[in-house]
Structure formats: C-alpha cells, structure tokens
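Data first, discussion second: the structure below is written as structure tokens.
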Amino acid sequence: MICLGIEGTAHSIGVGVVENVSGKCKVLSNMIKIYRPKKGGIHPREAANHHALYIADLLKESVSKAQVDFSEVDLISFSKGPGLGPCLRTAATAARALSLSLNRPIIGVNHCVAHLEIGRGTLDDCKDPVLLYTSGANTQVIAFAEGRYRVFGETLDIGIGNCLDKFGRTVGLDFPCGPQIEKLASKGKKYLELPYSIKGMDIAFSGLLTAAEQYYKKNESLEDICYSMQETTFAALTEVTERAMAHTEKDEVLLGGGVASNRRLCDMVQTMAHDRDARFFVPSKDLCIDNGAMIAWLGVLMYNSGIRMKVENSFIDQRFRTDMVDVSWHD
Ligand code: AMP
Ligand code: MG
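As numbered in the working numbering, the sequence shown has no gaps in its residue numbers, which increase by one up to the final residue, 353.
If you want it as structure tokens, here you go:
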C-alpha cells in the first residue's frame, strides 16, 4: 500500500509518500516547505497562506521524487490536529481535493501519535517506546497503555521549542533559534541558576524564560545563558521521561520533534537510558521535525486496522489530544 500524507499543523507544510513493506515504513519521499516570519512569531493566517501557495507544487514534487504516479497512491492522509486552525484547514482541504479527484480514501490523523509511530515504523527494534516529543508548540511524554497513547507528562505553558525561540527572538536571533542556541550553548562555561519547574509529572518553562531574559538584561554572557537554559530544561525533560519509563516499566525511549535534533538533549536522554539498561532511539532529522511521511505512515496503520473516514466527516480538530485516539493497530 502506498499512502500520501499531508502535514500542516503549524509553520511547515509537508508532503510525504510512504509504502508499507511487510509492516515496516519505507519512505519514498518527504518534502517540506517552512514558513519563516520576517518578524515576530507565527501568524496562523499568514502561515496558512504560505501553505496554500506551495501545496500544489509540493504534491507534484513529492510524488515525482517518490517515483510513483498519482494513480498508484492508494490512500490520502492529513494532519487532523492538534495545531493552528487556518494551517490545519489548508492541509485538510488539499487532502480532500486529492481524495476526491483520485477517488481514493481519506484519513485524518493525530499529529503527536504520528511522531511516535514513525519511530516504530522506521527503526528496527523500536516496538513499545516512551516518546519524549519536543517540538515548537508541543512538549509531551507519551507511551502506550491500555489501548491508547497516554500523556504521562507535558508542558503546562509553552513548548520547549517556543521557549528557546522566544528567548532567541529577545536577543536578536533568527527563527528558528534552537540550532543557534545549541551552538552558543556549546561555548558556555558558567552555569547560571534558573527555575527548574517540575509539577508532578508536568513541566513549565515560562518562569525559566523570564529568568533567562533577565540574565540577558544584566549583561550575563549569551553563551552562558544558552548553556544554562539547555542544561536546566533538558534535565527536567529527561527526569520526567525517566519517571514515565519507571512507571510504565518500558525499556525503550524514543525522541521526536524538532528539538530532538539537539545533540545535548540526545546525550542526556541516552545517558539516562543507558543507566536503566534501556534502548535509545532517535529517527533521522527529517523524520523528527514535522513531516508528511509520518502522517502518511499513521494513515496506513489506521486504514489497515479497519478505520475509515468519509470526506464529509474529515474535520480538523485544533485541540485533538493524543489520548483521544483509539489505538486499534498496536499489538
Ligand atoms: P517542530 O515544531 O517539531 O517542527 O520543531 C521546531 C522547533 O525545533 C523550533 O522551536 C526550533 O527552534 C527547534 N529546534 C530545531 N533544531 C534545534 C536544535 N538543534 N536545538 C534546539 N532546538 C531546535
Ligand atoms: Mg510536531
């Protein structure tokens, strides 16, 4: 089965084509266009206009790169949510148009679950992991328990990526700021005390963000602030992930989301996994960031487990939570 997936939850629009090869995901193509605002944060309508501008070409390019014909695509899937309304609607509209014109079934999928399933689908031996999902807007620790992917811990305010991007914007870095903060952090030497907020299994970042901005105003070195932000936030993320692993008695940990590209975060989680005799997995960068291939792969899993959706019911859901999905395909 070949599935084309359209991802459009936030600042990027992606189209991926995947094939189901004996239950594993073969990525045939995975193309992304990223909206980068000239100033400030992401304006949902402007991001959606960007997606509308590029989606038609992206569809053609992705199918051509996959070396398939549109007629060979068996299924169309799209990101149903969670995300920004105008962006979700643009991706869903493109998926509906394609489904109707090719006369192929359509399926809307949960974006956060897709981040987990692409790890299981593409990495050998990654079967039942705890996912630390760290992206711009989302920060969640997710694992399968009793028929659903449950959220064991999450941010109570902003996502870790947003925290880094907001700080970066304050100090004049270009969006997305995470990679530049990683570079600056690697030169940091002095640890500056920052709030370490874990509440139960949840995390908060906004107090830390304010404290980091105050250090900047007091002329502390940018390298030291970036270093301290990474050490503090990543330690908190690792702690919550470890607790979820202990609670669920799982011995695999998987990273997902754009912040998973960060070497220091990978190292911390890997060390924790090693200490627990657990296995550590991180997909390639193009499968960690928001991408169409993961949406396509979750479409395949859902369709093969008997789930069906009619075009007239292919709604988006901005607040589509991870634990709202009935996971009938997990063994
Ligand atoms: P996503 O929302 O999953 O597409 O991921 C985008 C987020 O990942 C943005 O907030 C980026 O700043 C962040 N990001 C990307 N690369 C890195 C990195 N190397 N270190 C930290 N954050 C990163
Ligand atoms: Mg994401």
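Each residue gets a CB set at the ideal place from its N, CA and C atoms; glycine is no exception.
In this text, all values refer to a predicted model and were calculated from it rather than measured experimentally.
Looking at the secondary structure, which residues open and close the beta strand (DSSP E) in which residue i lies?
i	result
Glu41	Ser34 to Val43
Ala226	Asp224 to Ala226
Lys61	First-last for Lys61: undefined, no H or E at that position.
Ala165	Thr161 to Ala167
Glu274	Glu274 to Gly278
Arg301	Arg301 to Phe303
Ile247	Here Ile247 belongs to no beta strand (DSSP E); instead the alpha helix (DSSP H) covers Leu244 to Thr270.
Take residue i as the anchor and find which of the options has the nearest alpha-carbon.
i	options	result
Val39	Val85, Ser243 and Ile56	Val85
Lys221	Glu204, Cys248 and Leu178	Leu178
Gly183	Met346, Glu274, Gly63 and Asp246	Gly63
Thr144	Gly45, Ala266 and Ile247	Gly45
Asp224	Glu215, Thr161 and Lys205	Thr161
Val304	Asn132, Leu153, Pro59 and Gly30	Leu153
Met23	Arg341, Lys48 and Cys310	Lys48
Asp246	Leu214, Asn42, Cys310 and Ala266	Leu214
Which of the three DSSP states is assigned to residue i in this structure?
i	result
Leu50	strand
Asn326	helix
Ala26	A quick correction: the sequence has Leu, not Ala, at residue 26. DSSP places Leu26 in strand when its eight states are reduced to three.
Glu176	strand
Asn184	helix
Asn335	helix
Lys211	coil
Val347	coil
Thr156	strand
Val131	strand
Leu216	coil
Gly143	helix
Ile92	The question names Ile, yet the displayed sequence has Phe at residue 92. In this structure, Phe92 counts as helix in the three-state DSSP scheme.
Leu384	Here the chain covers residues 23 to 353 and nothing more, so residue 384 does not appear.
Can you round the beta-carbon distance between residue i and residue j to whole angstroms, since I take them to be within the 8 Å contact cut?
i	j	result
Ala167	Thr270	6 Å
Ser34	Asp312	5 Å
Ala300	Val262	Not confirmed; about 15 Å, so no contact.
Ile77	Ala116	5 Å
Ile140	Met316	4 Å
Would the beta-carbon of residue i be found less than 7 Å away from any heavy atom of the ligand AMP?
i	result
Pro198	yes
Tyr59	With the sequence shown as reference, residue 59 is identified as Pro, and Tyr is not the correct amino acid for it. It does not: the Cβ of Pro59 is nowhere closer than 7 Å to a heavy atom of the ligand AMP.
Glu235	no
Glu29	no
Glu253	no
Could you check if residue i belongs to the surroundings of the ligand MG, using beta carbon to heavy atom distance under 7 Å?
i	result
Ser157	yes
Asp297	no
Asn326	no
Asn160	yes
Asp312	yes
Gly279	yes
His352	no
His73	no
Val133	The amino acid at residue 133 is misidentified as Val; the sequence shows His. Yes, since a heavy atom of the ligand MG falls inside the 7 Å radius drawn around the Cβ of His133.
His33	no
His137	yes
Residue range of the alpha helix (DSSP H) that residue i falls in?
i	result
Ser121	Gly107 to Leu124
Val291	Arg285 to Asp297
Can a CB atom of chain D be found closer than 8 Å to the CB of residue i?
i	result
Gly141	Judged by its chain identifiers, the structure shown contains no chain D, having just a single protein chain.
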